[in-house]
Amino acid sequence: MADQWLRKGNPWEIPRPEIAYDVPFGGHTEGGFDESGRFRPRWIPDRFVRGVAYDTMISGYDSPSVIMLRLFRAGATTSFDFRSFNAGDYYGAVHDKIGSENLTKVLYPNDEPQAGKQLRLMQQFFFVSCALQDMIRIYLQRESDLAGFHEKYAVQLNDTHPSIGVAELMRLLMDVHGMEWEAAWTVTEKTFCYTNHTLLSEALEKWSVPLFQRLLPRHLEIILEINRRFLEGVRGAYPGDEALVQRLSLIDEWGERYVRMANLACVGSRRINGVAQLHTDLLCEQVLCDFHRISPEKFLNVTNGVTPRRFVVQSNPTLAALISARIGSGWIKDLSSFRELEPAAGDSAFLGAWHGAKLENKRLLGDIIRRQTGVAVDPASLFDVHVKRIHEYKRQHMNVLHVISLYNRICRGLTDGMPPRTVIFGGKAAPGYFMAKLIIKLIHSVADAVNGDPRVKDLLRVVFLQNYNVKNAQRVYPAADLSEQISTAGKEASGTGNMKFSMNGALTIGTLDGANVEIRDEVGAENFFLFGLTADDVARKRSEGYRPQEAIAADDGLREAIEMIEGGRFSRGDRGLFRPLTESLRRRDEYMLCADFPSYVDCQGRVGRAFLNEREWLRMSVLNVARIGKFSSDRAVREYCESVWNIEPVTID
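Under numbering that gives the first Met the number 0, read the sequence shown as residues 0 to 652, first letter to last.
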């Protein structure tokens, strides 16, 4: 269902109709000369979309300053075509208005169909163009030319989605403001910085050259010229290495030609960073290794962080009050103060209060679960929480297979050392991602079987939270006992849910992936439930010829769980429903689920035994919070300011 968040208006938003920009699309380019006799290609678009500004003021915590978030809404340059109307084409009379407004109706539309790809590229360009035009307008209110634009603006490319900005700033500087190529490129290259957020090759955006030619012909010309000059330099520095040239090229020449947006971001940025140390290492060694080879000075790491104001103070007021009563409230602005909590991990009275705060949050979440799903859960049970985007590499289906193995043990009466457990899933799948949607269906089907079986009693409950989003998450993080961070090692860039859970006292079960590595280093290996292959292990296993069928045959619990799914146990006898999922595991198992499953089950056994030792579990929970201070967004922002944007704090009088 669509989230109609603007249907009643937004009282915090200020419309700014006087600030509007026309964004061109389509058409063609022509050669020409300006009044000085310089050759200037001219873009003749076949349509424009108008972007109107809307401002939201955002105040900091206990701060005298306010910052402005400026968003843009798409609309038509003319709302009604009388010529079409008078000719009897009543739909055509409003077609441009409807088409233009649709551009900002849905963020990140489904890009499986060709029309979806076109809409997504148009949307990305629209937002980028509006933002850059606005920056230039503001800059020129004080300055006479744009030669120093990069000294006042740092533009962060948050993944590849806005990387068309490199070509758009070049176009604006040259075609609109008359700069020469060399001067425009100097400004552009010093303006942009690029944060990579993914290690998945399919998430590094590529757009077909014909689509670019049709929608953004001038930008394609600029990209091709950037590429020509860039590769000329590469050939000069690495003569004879045409394989390197092909890998670095902004254009993928294999089969249908594509524009590689990650390559454009790397070439057009002065700094490139990953968001966890392992992620950055893998970028330098694998994903962007060629760019690291030719420009190692561009690369650095800035590990992600989250704000304790929202994810503890606002989300978990009971815990926040308990912490402040013990160490004061200074931690709210300086999370390194959390270290002062460490002695409290041995205080019985404090641990009792800590347990009470967690139990209160579990009751609150339990009420939400009952209202949403009709399933009653026991607040005293182990709340085992797996909430995040649904994706095969995040391995929600491995968790489901573990649930099935627990279910089988319970049905056989093998429950010694098994605490009551409530397994909570939540998350959304990309609109066109079939396998992710099938995983959601499997979760629901297994939940129905488990929750409806009287043999299970209160030992196991499975729920899937509807419409999981940031607002709902603020009820989930405080209630979790166990945080599932079980992605295939080497696939997760960083993650921030792992930080939010740990900040609220949940213990983590996870692989050495993303920020898990650094969280484990901070909280202590003894306070982290580690399992699974490392990124190096995964690469080695794959190179040696990994055969998932052998892994399945070697583990009775895994084999039985998969065979139950295949036999229709969770699909009312329909043996074909989940076949794509089980066939994927048997034939490819791209994300090494079967290889990691025995280690995961063993680790979950350690989790269960630890949870039964209440005092020890609480001690570990307190230490997780006390040692999580590194993962504050304040630290991350400070590192961006110092190492990426080159800006210094300003005191507000």
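Think of the CB as a built atom: it goes at the ideal place given N, C-alpha and C, for glycine as much as any other residue.
All of these numbers come straight from a predicted model, not from anything done at the bench.
Measuring straight from C-alpha to C-alpha, what distance separates residue i and residue j?
{"i": "E284", "j": "L139", "result": "42 Å"}
{"i": "D633", "j": "H401", "result": "37 Å"}
{"i": "V461", "j": "S404", "result": "13 Å"}
{"i": "D110", "j": "A553", "result": "40 Å"}
{"i": "M178", "j": "V186", "result": "10 Å"}
{"i": "I478", "j": "K357", "result": "The displayed chain sequence assigns Ala, not Ile, to residue 478. Each residue's Cα considered, the two are about 6 Å apart."}
{"i": "E615", "j": "V606", "result": "12 Å"}
{"i": "I658", "j": "R338", "result": "The structure shown has nothing for residue 658, since the chain only spans 0 to 652."}
{"i": "L611", "j": "S64", "result": "48 Å"}
{"i": "L653", "j": "E34", "result": "In the structure as shown, the chain begins at 0 and stops at 652. Residue 653 is therefore absent and cannot be evaluated."}
{"i": "I18", "j": "V165", "result": "23 Å"}
{"i": "R587", "j": "K387", "result": "24 Å"}
{"i": "R49", "j": "H160", "result": "20 Å"}
{"i": "A470", "j": "R234", "result": "Checking the sequence, you will find Lys at residue 470 rather than Ala. Between K470 and R234, the C-alpha separation is close to 51 Å."}
{"i": "G451", "j": "P14", "result": "52 Å"}
{"i": "L249", "j": "V258", "result": "6 Å"}
{"i": "C288", "j": "R246", "result": "10 Å"}
{"i": "S347", "j": "H149", "result": "56 Å"}
{"i": "L223", "j": "A202", "result": "22 Å"}
{"i": "P547", "j": "Q603", "result": "21 Å"}
{"i": "R370", "j": "A550", "result": "40 Å"}
{"i": "G431", "j": "E167", "result": "29 Å"}
{"i": "L592", "j": "V600", "result": "12 Å"}
{"i": "F124", "j": "P23", "result": "10 Å"}
How about residue i: is its C-beta nearer than 8 Å to some C-beta of chain B?
{"i": "I225", "result": "This model lacks chain B altogether; it includes just one protein chain."}
Take residue i and list the residues in its own chain whose beta-carbon comes closer than 7 Å to its own, dropping the five residues that flank it on each side.
{"i": "F32", "result": "F38, R39"}
{"i": "S570", "result": "S444, L576, F577"}
{"i": "H278", "result": "L198, A492, S493, G513"}
{"i": "Y639", "result": "V301"}
{"i": "I409", "result": "R454, V455, L458, L459"}
{"i": "P16", "result": "V51"}
{"i": "F349", "result": "R325, A343"}
{"i": "D535", "result": "none"}
{"i": "K361", "result": "P378, F382, A478"}
Can you check which of these residues, the options, is closest to residue i by C-alpha distance?
{"i": "R519", "options": "M178, S482, D554", "result": "S482"}
{"i": "I66", "options": "Q603, R72, I57, G544", "result": "I57"}
{"i": "R454", "options": "N515, L381, R474, L413", "result": "L413"}
{"i": "Q212", "options": "H354, G147, G26", "result": "G26"}
{"i": "L557", "options": "H176, T317, M397, Q132", "result": "M397"}
{"i": "H196", "options": "E521, G489, V475", "result": "G489"}
{"i": "T77", "options": "L106, S62, R46", "result": "R46"}
{"i": "G254", "options": "V600, I222, P209, L214", "result": "P209"}
{"i": "F528", "options": "S128, L506, V311", "result": "L506"}
{"i": "E12", "options": "W42, L68, I221, P44", "result": "L68"}
{"i": "R256", "options": "S207, I508, Q484, A52", "result": "S207"}
{"i": "L464", "options": "S294, P295, F424", "result": "F424"}
{"i": "I561", "options": "R585, K540, R539", "result": "R585"}
{"i": "S486", "options": "R539, R269, L511, Q113", "result": "L511"}
For residue i, which residues in the same chain have their Cβ closer than 6 Å to its Cβ, ignoring the five residues on either side in sequence?
{"i": "V376", "result": "G365, I368, T421, R460"}
{"i": "Y89", "result": "Residue confidence is low: Y89 scores 46 on pLDDT, short of 50, so the model does not pin down where it sits. No coordinate-derived value is stated."}
{"i": "Q484", "result": "N497, T507, G509, N515"}
{"i": "L617", "result": "L350, W353, H354"}
Near residue i, what residues of its chain come up, given a Cβ to Cβ distance below 8 Å and the 5 sequence neighbours on each side ignored?
{"i": "S162", "result": "L156, Y193, E204, M260, A261, L263, A264, G267"}
{"i": "R308", "result": "Y60, I331"}
{"i": "A635", "result": "V301, T302, N303, G304"}
{"i": "V449", "result": "V402, Y406, V455, L459, R460, V461"}
{"i": "L106", "result": "Q122"}
Throw me the rounded Cβ distance for the residue i and residue j pair, which I believe falls under 8 Å.
{"i": "K427", "j": "V305", "result": "About 19 Å separates the two Cβ atoms, so there is no contact after all."}
{"i": "V130", "j": "T103", "result": "It should be pointed out that residue 130 corresponds to Ala in this sequence rather than to Val. The Cβ separation is near 13 Å, so there is no contact."}
{"i": "E341", "j": "A524", "result": "Actually they are not in contact, since the Cβ atoms of E341 and A524 sit about 16 Å apart, beyond 8 Å."}
{"i": "V643", "j": "N272", "result": "6 Å"}
{"i": "R531", "j": "D595", "result": "First, the residue type needs correcting, since residue 531 is Gly and not Arg in the sequence shown. Yes, they are in contact, since the Cβ atoms of G531 and D595 sit about 4 Å apart, within 8 Å."}
{"i": "G521", "j": "I627", "result": "Per the sequence shown, the amino acid found at residue 521 is Glu instead of Gly. Confirmed, about 7 Å."}
{"i": "D251", "j": "L381", "result": "D251 to L381, Cβ: 48 Å. No contact."}
{"i": "D133", "j": "Y20", "result": "7 Å"}
{"i": "L214", "j": "Q313", "result": "That pair is no contact at about 42 Å."}
{"i": "R170", "j": "I135", "result": "In fact, because the Cβ distance is near 11 Å, the residues do not count as touching under 8 Å."}
*Starting from the N-terminal side, write out each stretch of the beta strand (DSSP E) that is 3 residues or longer and does not extend beyond the segment 458-522.*
459-464, 481-484, 506-509
*Unbroken alpha helix (DSSP H) runs of length 4 or more, entirely within the segment 607-651: which are they?*
613-625, 632-639
*Where in the segment 182-246 do unbroken runs of the alpha helix (DSSP H), each at least 4 residues long, occur, reported from the N-terminal end onward?*
You should have 208-214, 216-236.
*Taking the runs of the beta strand (DSSP E) that are 3 residues or longer, which of them lie wholly in the segment 298-364?*
298-300
*With a floor of 4 residues, list each alpha helix (DSSP H) that falls wholly inside the segment 550-584, ordered by position along the chain.*
555-565
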